[in-house]
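**Q** Quick mapping for you: the protein sequence lines, in order, are chains A and B. For the first sequence, counting from 1, position 240 maps to 240 in the working numbering; every step adds exactly one. Adding 544 to a residue's 1-based position in the second sequence gives its number in the working numbering.
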Amino acid sequence: MSPIPTPILYPVLERRVARKGARPAPAVERRGALLGPAAAKQRPAHPLPDPSDWTFELIERYHAAIAATAERFGLDTYPNQLEIISAEQMMDAYASVGMPVNYRHWSYGKEFLATERRYRRGHMGLAYEIVINANPCISYLMEENTTAMQALVIAHAAYGHNSFFKNNYLFSMWADSGSIIDYLVYARDFVAQCEERHGLDAVEQLLDSCHALANFGVDRYRRPSRKSLARERAEREQREAYVQQQVNELWRTLPARRGKDSAAQENERFPKEPEENILYFIEKNAPLLEPWQREIIRIVRKIAQYFYPQRQTQVMNEGWATFWHYTLLNTLYDEGWLTDGVMIEWLSSHTNVIYQPPAGHRAYSGINPYALGFAMYRDIRRICQNPTEEDRRWFPDMAGTPWLPALHHAMRNYKDESFIGQFLSPQLMRGMRLFAMHDDPGERELLVSAIHDEDGYRALRQILSQQYDLGVREPNIQVWNVNLRGDRCLTLRHTQYQGRPLADDALEVLKHAARLWGFGVQLESVNGDGETPVLLHSVPAPQA
Amino acid sequence: MALQIIDRRLAGKNKSVGNRERFVRRFKEQIAEAVRRAVSQRDIRHIEQAENVTIPKKDIREPVFRHGPGGVRDTVHPGNVEHVRGDRIPRPQGGAGGAGSQASDSGEGEDDFTFTLSKEEFMELFFEDLALPRLLRTHLGDALQYKTRRAGYSHDGTPHNLAVLRTMRGALGRRMALTKAPHRELQALQEELDALLQEDDGTSEAVAALQRRIDALKARMGKVAFLDPLDLRFRNRTRVPVPSSQAVMFCVMDVSGSMDEARKDLAKRFFILLYLFLTRHYEKIDIVFIRHHTQATEVGEDEFFHSTESGGTVVSSALALLDQIVRARYPVAEWNIYVAQASDGDNFGGDGPHCRHLLAEKILPLVRYFAYVQVAQEEQSLWEEYSRIAPLFPHFAMRKVSEPGEIYPVFRDLFKKEGVAV
Chain A
1 MSPIPTPILY PVLERRVARK GARPAPAVER RGALLGPAAA KQRPAHPLPD
51 PSDWTFELIE RYHAAIAATA ERFGLDTYPN QLEIISAEQM MDAYASVGMP
101 VNYRHWSYGK EFLATERRYR RGHMGLAYEI VINANPCISY LMEENTTAMQ
151 ALVIAHAAYG HNSFFKNNYL FSMWADSGSI IDYLVYARDF VAQCEERHGL
201 DAVEQLLDSC HALANFGVDR YRRPSRKSLA RERAEREQRE AYVQQQVNEL
251 WRTLPARRGK DSAAQENERF PKEPEENILY FIEKNAPLLE PWQREIIRIV
301 RKIAQYFYPQ RQTQVMNEGW ATFWHYTLLN TLYDEGWLTD GVMIEWLSSH
351 TNVIYQPPAG HRAYSGINPY ALGFAMYRDI RRICQNPTEE DRRWFPDMAG
401 TPWLPALHHA MRNYKDESFI GQFLSPQLMR GMRLFAMHDD PGERELLVSA
451 IHDEDGYRAL RQILSQQYDL GVREPNIQVW NVNLRGDRCL TLRHTQYQGR
501 PLADDALEVL KHAARLWGFG VQLESVNGDG ETPVLLHSVP APQA
Chain B
545 MALQIIDRRL AGKNKSVGNR ERFVRRFKEQ IAEAVRRAVS QRDIRHIEQA
595 ENVTIPKKDI REPVFRHGPG GVRDTVHPGN VEHVRGDRIP RPQGGAGGAG
645 SQASDSGEGE DDFTFTLSKE EFMELFFEDL ALPRLLRTHL GDALQYKTRR
695 AGYSHDGTPH NLAVLRTMRG ALGRRMALTK APHRELQALQ EELDALLQED
745 DGTSEAVAAL QRRIDALKAR MGKVAFLDPL DLRFRNRTRV PVPSSQAVMF
795 CVMDVSGSMD EARKDLAKRF FILLYLFLTR HYEKIDIVFI RHHTQATEVG
845 EDEFFHSTES GGTVVSSALA LLDQIVRARY PVAEWNIYVA QASDGDNFGG
895 DGPHCRHLLA EKILPLVRYF AYVQVAQEEQ SLWEEYSRIA PLFPHFAMRK
945 VSEPGEIYPV FRDLFKKEGV AV
């Protein structure tokens with residue numbers, strides 16, 4: 001969904017998508033805290049065979065070994081479904097943001113063409129796997145992978161990501177119910193119907209506008225309800241009728257009745273409280289939209305909402321999966337299941353995945369989430385098993401306790417921002433040699449505000465944590481007011497964070513917003529202190 | 545733990561086709577422009593190829609609200625080597641180097657978006673430019689046409705293809721092969737029996753034994769089937785490409801000063817269309833380029849389209865040369881001859897009647913189809929002359945053209961003759 005292209009530098013185990021499947025496991029089902037890994041059963045007589053070409057039988061045998069080991073570590077997963085796909089199919093999956101079905105839109109075609117071109121020119125490798133979270137959890141394995149890579153992928157996706165999806169609180173709480181695939185099927189059919197009835201252009205324009213605002217179509221605090229496909233269909237019609245009625249009431253042009261409509265009411269802002277979910281607001285209140293247009297806005301909004309948790313748990317999720325493929329495969333090796341050849345092969349991939357070029361390096365483009373996440377989980381384990389004096393000071397609750405429960409606790413109850421804020425240890429900061437830069441446009445030079453020393457730990461941790469806070473990464477824009485009795489102009493308000501302005505394409509986005517709203521839209525900006533707003537852009541009502 | 549492995553490799557790929565179509569549709573103008581450029585640069589023979597299309601990045605961007613540059617930023621980076629707290633570092637230019645966490649936003653730089661238009665998509669856009677009817681597009685885009693032909697016999701087939709004669713012949717052969725040796729043995733035994741009977745009264749043990757062997761042999765020979773499934777032969781048919789023959793296509797163009805680049809481009813599309821039509825029907829196609837002003841010469845394709853000459857125009861020189869070439873190199877019995885002529889119609893005053901005679905008496909009787917386009921709108925002398933013979937020859941077509949879309953009607957009759965609904 002996110003239209004911002006990020007360079008794919010760590011393609012190896014890139015996880016493009018996660019689909020949340022069934023209900024969160026009820027608390028009773030979580031097995032009683034497993035304090036440490038269960039004992040191994042007997043060693044195998046021979047390691048598993050390792051021809052470079054995989055076979056179905058081999059995949060089953062590797063999976064069985066990995067599954068048994070994962071069980072011993074108490075990994076709680078959905079049942080697994082492994083699907084073998086070809087490179088073309090993988091590119092197809094890439095193009096539709098990893099979902100097996102999606103409505104049609106040119107931007108996905110663009111994504112596909114770009115992927116295809118990069119792949120054909122050898123600029124990028126395809127991910128070895130994609131995992132879709134559902135119950136059962138579906139992992140795509142590429143047919144080009146060698147046996148060793150399939151083993152790595154199974155451990156990474158089918159056990160690492162899978163257990164994360166099942167247990168992390170954001171996914172249990174936010175991601176849509178098991179019906180996401182149902183919903184996408186419904187969305188695809190509905191959009192196709194609209195294209196037939198109203199023309200490709202009309203639908204395309206509408207979707208463009210919705211996509212421009214998709215990141216502002218999520219509820220950040222309200223939980224979405226769960227609905228089945230059938231209910232979704234049935235409710236749509238009622239909803240359409242009802243919403244139209246509400247909208248009509250809002251835009252009533254009859255003269256005001258004395259006693260009921262007072263002058264005070266006219267000066268009142270609408271909405272009374274600023275609304276953060278811009279698409280939702282437009283869907284419910286835009287005066288001129290047709291019912292089908294409202295429904296499409298709703299579809300885009302729902303899908304954006306579905307991706308919302310994933311955007312907040314990248315470090316945690318990738319780190320967790322990487323930690324577990326590393327731990328599981330190493331354990332298997334120690335117990336005599338894997339040959340040296342397999343070991344060397346996956347370790348080579350693993351090393352590429354967690355490579356972190358230092359700042360200033362040619363390949364440097366920010367912190368590698370795999371590297372950071374992997375290092376943090378390893379660090380948690382270390383703090384539990386071999387705490388230093390410093391660790392005892394920083395993590396009194398955790399140091400020296402059994403590591404498995406601590407690790408699971410960390411995975412379940414945090415998102416990137418809070419995970420880093422809670423668990424980034426001084427030792428890791430030293431290990432990664434982190435430093436913070438302060439960039440104030442008023443100054444001529446950049447300032448190194450903190451480094452990995454006693455004075456800097458807390459500052460570093462706080463800054464890095466904020467770096468992963470979606471609320472900080474994305475500008476804060478809310479629906480502020482609608483001129484109900486005048487020209488119906490919609491006012492959006494941007495509240496600056498640390499004096500950061502909006503990028504240039506804000507005006508373009510505003511045009512899209514105006515197309516949806518049907519009347520003029522203006523954007524004003526206030527700085528963090530809430531001082532007088534400055535009008536940034538104003539877009540007139542689109543020509544009908 | 546439960547596991548299910550599903551092999552999806554055979555399930556459909558190309559799920560993104562719909563998205564891709566929408567993409568091409570949206571950027572049609574840019575893409576059509578690229579196609580137009582490619583058409584003018586390519587050889588006629590290499591027209592059917594994929595093409596790389598580049599679209600400026602700014603046209604393709606999807607805008608979203610995001611932070612712009614500026615404002616106070618605090619970022620964390622790994623790999624500190626030399627800094628201590630309080631260090632001041634000169635601001636890197638262009639966001640490179642240390643302060644690059646925002647660098648990922650603009651990610652892949654400002655490269656333009658390039659992708660490859662497939663051969664089919666390319667031709668589709670080319671045809672669209674020519675306003676070619678849809679059915680004809682698929683018709684022209686198609687591969688060879690096939691015809692079923694008898695191709696010997698096969699062991700299996702449907703009953704109505706049963707080759708009775710061949711089957712019976714096979715059966716006979718098999719019966720002979722299977723019974724020859726026993727037959728010989730039978731004869732030997734019979735002779736032996738006869739000899740025995742001469743001296744015996746026919747009741748001895750030897751005679752009885754011999755008789756038993758003879759009976760067994762006869763029974764065995766009787767078991768050889770008259771017709772066995774093994775004997776069945778069916779007439780076999782295979783699909784073969786329509787008999788390939790050869791065609792020659794003459795491109796005749798006026799290169800006098802008045803033919804500018806735009807007109808030449810129009811002419812080129814005209815030639816390409818004829819070429820595409822011919823590729824569908826003939827395996828071997830020769831293309832002869834004749835350009836003329838007051839004199840006609842045979843030239844290569846590159847020179848044909850890209851060199852400018854000036855001077856007057858004598859069309860008959862080209863027609864005369866054409867006639868010569870045909871008689872010298874392309875005997876009518878072996879070659880299908882097609883001519884496409886493009887001109888701005890300006891001709892030397894007294895040359896008109898001469899052209900008409902040449903055409904009517906020498907050339908038109910030889911050729912399969914003669915198409916003429918005038919790439920200028922004015923009434924010209926050549927046009928008048930040609931109009932006079934047009935009604936007499938059904939395989940002569942002429943049209944004035946100022947847009948690529950107007951070229952196709954010239955060939956309408958030609959395509960119609962091939963039984964394509966147009």
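Backbone N, C-alpha and C define an ideal beta-carbon position, used for all residues, glycine too. Computed from a prediction, not measured in an experiment: that's the story for all the values here.
In chain order, what residues of the region 403-432 of chain A put their CB closer than 7 Å to some CB of chain E?
**A** Structure shown: chain E not included; protein chains present are A and B.
**Q** Just to confirm my understanding: we take Leu523 (chain A), look at its own chain, exclude 5 residues before and 5 after, and list those with CB closer than 7 Å. What are they?
**A** If you number the first sequence from 1, residue 523 (chain A) lands on position 523. Excluding positions up to five away in sequence, the list reads Leu492, His494, Ala506, Leu510, Leu536, His537.
**Q** Beta-carbon separation of Val799 (chain B) and His850 (chain B) under 8 Å?
**A** Within the second sequence, the letter at position 255 stands for residue 799 (chain B). Within the second sequence, the letter at position 306 stands for residue 850 (chain B). Cβ distance not < 8 Å, so Val799 (chain B) and His850 (chain B) don't count as in contact.
**Q** Give the range of the beta strand (DSSP E) segment to which Ser348 (chain A) is assigned.
**A** For the purposes of this step, residue 348 (chain A) is taken as the residue at position 348 of the first sequence. Ser348 (chain A) -> not in any beta strand (DSSP E); alpha helix (DSSP H) instead, spanning 340-353.
**Q** Is there contact here, the region 912-926 of chain B with the region 938-945 of chain B, by at least three beta-carbon pairs under 8 Å?
**A** yes
**Q** 8 Å is my cut-off, CB to CB: does Ala22 (chain A) come that close to chain B?
**A** The residue labelled residue 22 (chain A) in the question sits at position 22 within the first sequence. Residue confidence for Ala22 (chain A) is low, a pLDDT of 36 falling below 50, so the modelled location carries little weight and cannot support an answer.
**Q** Could you tell me if Ala127 (chain A) is buried or exposed, where buried requires 16 or more neighbouring beta carbons within 10 angstroms of its beta carbon?
**A** If you number the first sequence from 1, residue 127 (chain A) lands on position 127. Buried: at least 16 other Cβ atoms inside 10 Å.
**Q** Using Cβ-Cβ distances below 7 Å, what residues of the region 514-528 of chain A are close to chain B?
**A** none
**Q** Using a Cβ-Cβ distance cut-off of 8 Å, determine whether Ser851 (chain B) contacts chain A.
**A** Looking up residue 851 (chain B) in the second sequence gives position 307. With 8 Å as the cut-off, Ser851 (chain B) does not count as an interface residue toward chain A.
**Q** Against chain B, which members of the region 102-118 of chain A pass a CB distance test of less than 9 Å?
**A** Asn102, Arg104, His105, Trp106, Ser107, Tyr108, Gly109, Lys110, Glu111, Phe112, Leu113, Ala114, Glu116, Arg117
**Q** With a Cβ-Cβ cutoff of 8 Å, do Asp867 (chain B) and Leu818 (chain B) count as a contact?
**A** Position 323 of the second sequence, counted from the first residue, corresponds to residue 867 (chain B). Position 274 of the second sequence, counted from the first residue, corresponds to residue 818 (chain B). Not closer than 8 Å, so no.
**Q** In chain B, which residues lie with their C-beta within 7 Å of the C-beta of Glu196 (chain A)?
**A** Within the first sequence, residue 196 (chain A) is the residue found at index 196, counting from 1. From the beta-carbon of Glu196 (chain A), no residue of chain B is found nearer than 7 Å; the closest lies around 13 Å away.
**Q** Output yes if chain B places a C-beta closer than 8 Å to the C-beta of Asn215 (chain A); else output no.
**A** Taking the first sequence and counting its residues from 1, the one referred to as residue 215 (chain A) is at position 215. Yes - at least one Cβ of chain B is within 8 Å of the one on Asn215 (chain A).
**Q** Along chain B, in chain order, which residues have C-beta atoms closer than 8 Å to that of Glu204 (chain A)?
**A** Locating residue 204 (chain A) in the first sequence gives position 204, where the first residue counts as 1. Near Glu204 (chain A) (Cβ distances below 8 Å), the residues of chain B are Arg566, Arg570.
**Q** When you compare only the Cα positions, how much space is there between Val751 (chain B) and Ala760 (chain B)?
**A** Within the second sequence, the letter at position 207 stands for residue 751 (chain B). Within the second sequence, the letter at position 216 stands for residue 760 (chain B). The alpha-carbon atoms of Val751 (chain B) and Ala760 (chain B) are separated by roughly 14 Å.
**Q** Does any residue of chain A bring its CB to less than 8 Å from the CB of Glu845 (chain B)?
**A** On the second sequence, residue 845 (chain B) is found 301 positions in, with the first residue counted as 1. So, not an interface residue.
**Q** Kindly list, in the order they appear in chain A, the residues whose Cβ is closer than 9 Å to that of Pro622 (chain B).
**A** Position 78 of the second sequence, counted from the start, is the residue given in the question as residue 622 (chain B). Here the neighbours are Gln356, Pro357, Pro358, Ala359, Tyr364, Ile367, Asn368, Ala371, Leu372, Met432, Arg433, Leu434, Phe435.
**Q** Please classify Phe112 (chain A) as buried or exposed, where buried requires at least 16 neighbouring CB atoms within 10 angstroms.
**A** Walking along the first sequence from the start, residue 112 (chain A) turns up at place 112. Phe112 (chain A) comes out buried.
**Q** Give me whichever residues DSSP pairs with Lys828 (chain B) in a beta bridge.
**A** As a working mapping, residue 828 (chain B) is identified with position 284 in the second sequence. Its beta-bridge partners are B:Gln790.
**Q** Going by CA-CA distance only, name the one from B:Phe821, B:Pro875, B:Leu926 that's closest to Thr857 (chain B).
**A** Taking the second sequence and counting its residues from 1, one reaches residue 857 (chain B) at position 313. Nearest of B:Phe821, B:Pro875, B:Leu926 to Thr857 (chain B), Cα basis: B:Leu926.
**Q** In the region 59-83 of chain A, which residues sit with their C-beta less than 9 Å from some C-beta in chain B, listed in chain order?
**A** Ile59, Glu60, His63, Ala64, Ala67, Ala68, Ala70, Glu71, Thr77, Pro79, Asn80, Gln81, Leu82, Glu83
**Q** Mark Val628 (chain B) as exposed unless 16 or more other C-beta atoms lie within 10 angstroms of its C-beta, in which case mark it buried.
**A** The residue you call residue 628 (chain B) lines up with position 84 of the second sequence. Using a 10 angstroms sphere on the CB of Val628 (chain B), the tally of other CB atoms stays under 16, which defines it as exposed.
**Q** Starting from the C-beta of Leu776 (chain B), find all residues in its chain whose C-beta is less than 6 Å away, skip the five residues before and the five after it, and write them out in chain order.
**A** Along the second sequence, one-based indexing puts residue 776 (chain B) at 232. Result list for Leu776 (chain B): Thr711, in chain order.
**Q** Do the CB positions of Gln624 (chain A) and Trp54 (chain A) come within less than 8 Å of each other?
**A** With chain A covering 1 to 544 only, the question about residue 624 (chain A) has no answer from this structure.
**Q** In this structure, what does DSSP give as the bridge partners for Arg835 (chain B)?
**A** In the second sequence, counting from the first residue as 1, residue 835 (chain B) sits at position 291. The partner list for Arg835 (chain B) (beta bridge, DSSP) reads B:Met797, B:Thr841.
**Q** Taking Tyr916 (chain B) as part of the beta strand (DSSP E), name the residues at either end of that continuous run.
**A** The residue you call residue 916 (chain B) lines up with position 372 of the second sequence. Run containing Tyr916 (chain B): 913-918, per the beta strand (DSSP E) assignment.
**Q** Since Arg610 (chain B) meets chain A, which of its residues come closer than 8 Å, beta carbon to beta carbon?
**A** Along the second sequence, one-based indexing puts residue 610 (chain B) at 66. In chain order: Ile4, Glu474, Pro475, Leu502, Ala503, Asp505.
**Q** Using a Cβ-Cβ cut-off of 8 Å, state whether Pro634 (chain B) counts as contacting chain A.
**A** Here residue 634 (chain B) refers to the residue found at position 90 when the second sequence is read from its first residue. Chain A, which has a Cβ nearer than 8 Å to the Cβ of Pro634 (chain B), makes this yes.
**Q** Using C-beta distances below 6 Å, list every residue in its chain close to Pro372 (chain A), excluding the 5 sequence neighbours before and after it, in chain order.
**A** Counted from its first residue, the first sequence places residue 372 (chain A) at position 372. Looking at the sequence shown, residue 372 (chain A) is not Pro but Leu. When the five nearest sequence neighbours on each side are left out, the beta carbons in the same chain lying within less than 6 Å of the beta carbon of Leu372 (chain A) are those of Val315, in order along the chain.
**Q** How many Å lie between Gly319 (chain A) and Tyr370 (chain A) at the Cα?
**A** Reading the first sequence from its first residue, position 319 is the one you call residue 319 (chain A). Reading the first sequence from its first residue, position 370 is the one you call residue 370 (chain A). So the alpha carbons of these two residues sit roughly 5 Å apart.
**Q** Please list the terminal residues of the continuous beta strand (DSSP E) segment that includes Ala450 (chain A).
**A** Here the question's residue 450 (chain A) lines up with position 450 in the first sequence. From DSSP, the beta strand (DSSP E) with Ala450 (chain A) extends over 445-451.
**Q** From the DSSP output, in three-state form, read off Pro773 (chain B) for me.
**A** For this step, residue 773 (chain B) is matched to residue 229 along the second sequence. Three-state DSSP puts Pro773 (chain B) in a helix.
**Q** Val509 (chain A) versus chain B: which residues are under 8 Å apart at the beta carbon?
**A** In the first sequence, counting from the first residue as 1, residue 509 (chain A) sits at position 509. What Val509 (chain A) touches in chain B: Pro607, Val608, Phe609.
**Q** Which whole-angstrom value describes the C-beta separation of Leu279 (chain A) and Arg301 (chain A), a residue pair presumed to lie in contact below a C-beta threshold of 8 Å?
**A** Walking along the first sequence from the start, residue 279 (chain A) turns up at place 279. Walking along the first sequence from the start, residue 301 (chain A) turns up at place 301. So it is a contact: roughly 5 Å between Cβ atoms.
**Q** The beta strand (DSSP E) that contains Gln522 (chain A), what's its start and end?
**A** The count along the first sequence starts at 1 and reaches residue 522 (chain A) at position 522. First-last of the beta strand (DSSP E) with Gln522 (chain A): 521-526.
**Q** So what's Tyr874 (chain B) in DSSP terms, helix, strand or just coil?
**A** As a first step, residue 874 (chain B) must be located in the second sequence, where it is residue number 330. In this structure, Tyr874 (chain B) counts as coil in the three-state DSSP scheme.
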